[in-house]
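Report on the following structure.
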Amino acid sequence: MTYAVSEIRSAAPPRKRRLSKAAIEPWLYLSPAIVLLVLVLLVPLIIGISYSFRKFSAFKSQYVGLAQYQAMLSDAVLGQALINTLWWTVASLFFQFFLGMGLALLLDKPFYGRKVVQAVVFLPWAVPSFLSGLTWAWLFNPIIGPLPHWLYALGLKAEPTNILSDPATAMWGPIIANVWFGIPFFAITLLAALKSIPSELHEAAAIDGASPWQRFTKVTLPFLAPTIVITVMLRTIWIATFADLIFVMTEGGPAGSTSTVPVYIYVSAFKSLDKGYASAVAVLLLVLLIVYAIGLIAIRRTLVRHV
1 MTYAVSEIRS AAPPRKRRLS KAAIEPWLYL SPAIVLLVLV LLVPLIIGIS
51 YSFRKFSAFK SQYVGLAQYQ AMLSDAVLGQ ALINTLWWTV ASLFFQFFLG
101 MGLALLLDKP FYGRKVVQAV VFLPWAVPSF LSGLTWAWLF NPIIGPLPHW
151 LYALGLKAEP TNILSDPATA MWGPIIANVW FGIPFFAITL LAALKSIPSE
201 LHEAAAIDGA SPWQRFTKVT LPFLAPTIVI TVMLRTIWIA TFADLIFVMT
251 EGGPAGSTST VPVYIYVSAF KSLDKGYASA VAVLLLVLLI VYAIGLIAIR
301 RTLVRHV
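Counting in the numbering used here, the sequence shown runs from 1 upward without gaps.
Okay, structure coming up:
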């Protein structure tokens, strides 16, 4: 009996060592990715936040505390940039989502040449944003582009002028370019979600006499809801922080009518050379997007529980 107890006691430490090794081993495999994330994401984030508390000049910087954040309260240009960012984000997201949803529903149906159509539809997502903005700027140019002449022929404009040069219409140029660029994202993700819905549910609803609209609202939409929330959240963040198209097409003009917060951050940091104030504005944008993301994640959890 004493010999058996001593054997059990001698076997306990190796088991503990195996358990500890099993707990540590996954972290060893993940360590390269963790180190990379810390170096690429966490360290620049901390440095950027620290910059927001300093005032930079040509050869030195000094700690100013919350002075940069206090300056934002009276910055009318920043206020206009926030309004422009809201307009740019909501309009782009609205058209991207509904056009992407329609495209996904269309591609979910079998028809001749669907593979070719899918390849063509997803092509804009592969085009670099700089090239996309440059192309659309050319298209809106009344000298070398066709769009102003088409708008004039349709009676939408009194003459074929460049909408990018008019403060009242300039924002629509980058929005149209962004809609063209972002539709494939929603089409791809929503098409994948549609493929995961069991066909038996649609067949059972059809047998029960449900109309196509009822099948969409009662069967398809509830299953798509969690995917819709997460894709809308991701795309909102990307659009709100997206400055490439606007800067290539308008550089924030004319008269600041297309200057969004990311464009304002770029101009403040690299043209006005005010890195401290640019960092403070970037922190403000980060906080707003974090609050938005937390709200949408809470909505997604509610939708998942009810599906």
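Note that CB positions come from ideal geometry on N, CA and C, so glycine has one too. Note that the structure is predicted; figures quoted are calculated from it, not measured.
Pick out whichever of the options has its Cα sitting closest to the Cα of residue i.
i      : options                           : result
Met101 : Tyr29, Ala192, Thr89 and Pro148   : Ala192
Trp138 : Gln70, Phe97, Phe270 and Val248   : Val248
Ala170 : Ile46, His202, Met72 and Thr250   : Thr250
Phe56  : Leu42, Val179, Ser268 and Ile144  : Ser268
Tyr63  : Arg54, Thr258, Gly252 and Gln118  : Arg54
Trp125 : Ala67, Trp172, Val90 and Phe186   : Phe186
Trp88  : Ala243, Ala278, Ser129 and Ala282 : Ala243
Phe59  : Gly182, Val283, Ser279 and Leu273 : Leu273
Ala168 : Tyr264, Lys271, Asn84 and Ala298  : Asn84
Val77  : Trp136, Leu37 and Tyr277          : Tyr277
Ile197 : Ile49, Tyr266 and Phe223          : Phe223
Pro254 : Gly155, Trp172, Ser31 and Phe122  : Trp172
Met72  : Pro212, Gly295 and Ser279         : Ser279
Phe122 : Tyr112, Leu41, Phe111 and Ala104  : Ala104
Leu86  : Phe270, Ile239, Asp75 and Val120  : Ile239
Ser165 : Gly252, Leu39 and Ser74           : Gly252
CB-CB under 8 Å to residue i, same chain, minus the five flanking residues each way: which ones, in chain order?
i      : result
Asp108 : Leu191, Leu194 and Lys195
Pro142 : Pro148, His149, Pro160, Thr161 and Asn162
Gln80  : Gly256 and Ser259
Thr241 : Pro262, Leu285 and Leu289
Val179 : Ser92, Phe95, Gln96 and Leu99
Tyr152 : Ala158, Glu159 and Pro160
Arg235 : Leu93, Gln96, Phe97, Gly182, Phe185 and Phe186
Leu245 : Ser129, Ser132, Gly133, Trp136, Pro174, Ala177, Asn178 and Phe181
Ala293 : Met233 and Ile237
Leu82  : Val261
For residue i, which residues from the same chain have a beta carbon less than 7 Å from its beta carbon, with the 5 sequence-adjacent residues on both sides left out?
i      : result
Val287 : none
Thr189 : Thr227 and Thr231
Ala282 : Gly48 and Ile265
Arg300 : Pro226, Val229 and Ile230
Gly65  : Phe53
Quick one: give me the first and last residue of the beta strand (DSSP E) that residue i is part of.
i     : result
Phe56 : Arg54 to Phe56
Looking at the strands, I want to know which residues DSSP matches up with residue i.
i     : result
Gln62 : Lys55
Provide the residue span of the alpha helix (DSSP H) that contains residue i, from first to last.
i      : result
Phe242 : Neither: Phe242 is in no alpha helix (DSSP H) and is coded neither H nor E.
Thr89  : Ala76 to Leu107
Glu251 : No alpha helix (DSSP H) holds Glu251; DSSP gives it neither H nor E.
Gly173 : Trp172 to Lys195
Glu159 : Run containing Glu159: none; DSSP gives neither H nor E here.
Ser211 : No alpha helix (DSSP H) contains Ser211, which DSSP labels as neither H nor E.
Tyr266 : Val261 to Tyr266
Ala67  : Ala67 to Leu73
Phe130 : Ser129 to Leu139
Val117 : Arg114 to Val121
Leaving out the 5 sequence neighbours to the left and right, which residues in its chain are closer than 6 Å to residue i when beta-carbon positions are compared?
i      : result
Ile175 : Ala91 and Ser92
Ile297 : none
Tyr69  : Ala280
Closer than 7 Å to a non-hydrogen atom of the ligand SAM - does that hold for the CB of residue i?
i      : result
Trp136 : Judged by which ligands are present, the structure shown has none, so any question about the ligand SAM falls away.
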